[in-house]
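Chemist:
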């Protein structure tokens, strides 16, 4: 088994599995279809390519670990449509949702080392620019973390916590950070399954199609490298000037 590990982090990212023209939602963690689309784009595979190509990628083991959940952001947009003669037909007010300051680890695994090697090369030398759900959300410089011999679940149980330093400092009084892994259900056979509509049938712009797959959840505890003990410092108003309390009597 070989597993590719990717870091998805940035000011904004968006991972919608449902949308209409006016409202573009985001899920709270990346979808398998979006990450596979990123890989296919990096390899130069176009949206109209055959389903046989997509089937190879759908078969990859997939899981996401939440490093830093981020905050939901709604962005305000205006779109316009025009007549064939150039006159304005209609103005639309649209809403687009993003995750701010979120960090995730995406793991993709396979027993087929040739497929993993091909993906690795494409991620290092991408044909099309990878982005996190929308073209305005480029991947970070440390996006590709490497190829590992462990399986998808094993690497996500042990890989060091990848949250931002400021976020880790907020948790400095806890020795471990509690988070979740969301994985293909066959990787977590004893866990409860739920359906998520992010299995790719077609990426074609004319006939984009997605099917349901089963997903399961795993609770994990990550070592906190900034742990400073569970006792919070007591506030001392005079500590900054080295003063001591002196009783003053009249």
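In this note's numbering, the protein residues as written are 75 to 324.
No residue lacks a Cβ here, since even glycine has one placed at the ideal position from N, Cα and C.
If you reduce the DSSP assignment to three classes, tell me which class residue 157 lands in.
Modeler: For the purposes of this step, residue 157 is taken as the residue at position 83 of the chain shown. In this structure, residue 157 counts as coil in the three-state DSSP scheme.
Chemist: Touch check for the segment 219-226 and the segment 139-156: three-plus C-beta pairs under 8 Å?
Modeler: The segment 219-226 makes no contact with the segment 139-156; the number of CB pairs closer than 8 Å stays below 3.
Chemist: Can you check which of these residues, 113, 141, 92, is closest to residue 255 by C-alpha distance?
Modeler: Numbered from its first residue, the chain shown carries residue 255 at position 181. Comparing Cα positions, the closest option is 141.
Chemist: Just to confirm the assignment, what range does the beta strand (DSSP E) spanning residue 68 have?
Modeler: As shown, the chain starts at 75 and ends at 324. That puts residue 68 outside it, with no answer to give.
Chemist: Let's test the definition: count the other Cβ atoms within 10 Å of the Cβ of residue 110 and tell me whether it reaches 16, buried, or not, exposed.
Modeler: On the chain shown, position 36 is the one that residue 110 refers to. Result: buried.
Chemist: How should residue 286 be labelled, buried or exposed, when 16 other C-beta atoms within 10 angstroms of its C-beta is the threshold for buried?
Modeler: Locating residue 286 in the chain shown gives position 212, where the first residue counts as 1. Flag for residue 286 reads exposed.
Chemist: Please classify residue 152: is it buried, with 16 or more other beta-carbons within 10 angstroms of its beta-carbon, or exposed?
Modeler: Numbered from its first residue, the chain shown carries residue 152 at position 78. When all chains shown are included, residue 152 counts as exposed.
Chemist: Would you kindly work out how many angstroms separate the C-alpha atoms of residue 127 and residue 189, rounded to a whole number?
Modeler: Taking the chain shown and counting its residues from 1, the one referred to as residue 127 is at position 53. Taking the chain shown and counting its residues from 1, the one referred to as residue 189 is at position 115. Whole-angstrom Cα-Cα distance: 11 Å.
Chemist: Got a sec? Which residues, its chain only, sit under 8 Å from residue 96 by beta carbon, not counting five neighbours each side?
Modeler: One-based indexing of the chain shown puts residue 96 at position 22. Same-chain partners within the cutoff: 166, 167, 168, 169.
Chemist: If we ignore side chains and look at the alpha-carbon of each, how far apart do residue 105 and residue 191 end up?
Modeler: In the chain shown, residue 105 corresponds to position 31, counting from 1. In the chain shown, residue 191 corresponds to position 117, counting from 1. When rounded, the distance between both Cα atoms is 23 Å.
Chemist: Taking 8 Å as the threshold (C-beta atoms), are residue 88 and residue 274 in contact?
Modeler: Mapped onto the chain shown, residue 274 falls at position 200. Mapped onto the chain shown, residue 88 falls at position 14. For residue 274 and residue 88, no; Cβs fall outside 8 Å.
Chemist: From the DSSP output, which residues share a beta bridge with residue 252?
Modeler: Numbered from its first residue, the chain shown carries residue 252 at position 178. Residue pairing by DSSP puts residue 252 in a beta bridge opposite 295.
Chemist: Looking at the secondary structure, which residues open and close the beta strand (DSSP E) in which residue 193 lies?
Modeler: Taking the first residue of the chain shown as position 1, residue 193 is located at position 119. For residue 193, no beta strand (DSSP E) run applies; the uninterrupted alpha helix (DSSP H) run containing it begins and ends at 187-198, by DSSP.
Chemist: Please state if the CB of residue 252 and the CB of residue 295 are separated by a distance shorter than 8 Å.
Modeler: Numbered from 1 along the chain shown, position 221 holds the residue referred to as residue 295. Numbered from 1 along the chain shown, position 178 holds the residue referred to as residue 252. Their beta carbons are under 8 Å apart, which means residue 295 touches residue 252 by this criterion.
Chemist: Buried or exposed, going by whether 16 or more other CB atoms sit within 10 Å of the CB of residue 130?
Modeler: Residue numbering aside, residue 130 sits at position 56 when the chain shown is read from its first letter. With fewer than 16 Cβ atoms within 10 Å of its Cβ, residue 130 is classed as exposed.
Chemist: Which partner residues of residue 135 appear in the DSSP bridge assignment?
Modeler: As a working mapping, residue 135 is identified with position 61 in the chain shown. According to DSSP, which records beta bridges pairwise, residue 135 is partnered with 183.
Chemist: Would you call residue 184 buried or exposed, if buried means 16 or more other Cβ atoms sit within 10 Å of its Cβ?
Modeler: In the chain shown, residue 184 corresponds to position 110, counting from 1. Per the 10 Å Cβ criterion, buried.
Chemist: Do residue 279 and residue 121 have their CB atoms nearer than 8 Å?
Modeler: Position 205 of the chain shown holds residue 279. Position 47 of the chain shown holds residue 121. It is a contact, given that the beta carbons lie within the stated cut-off.
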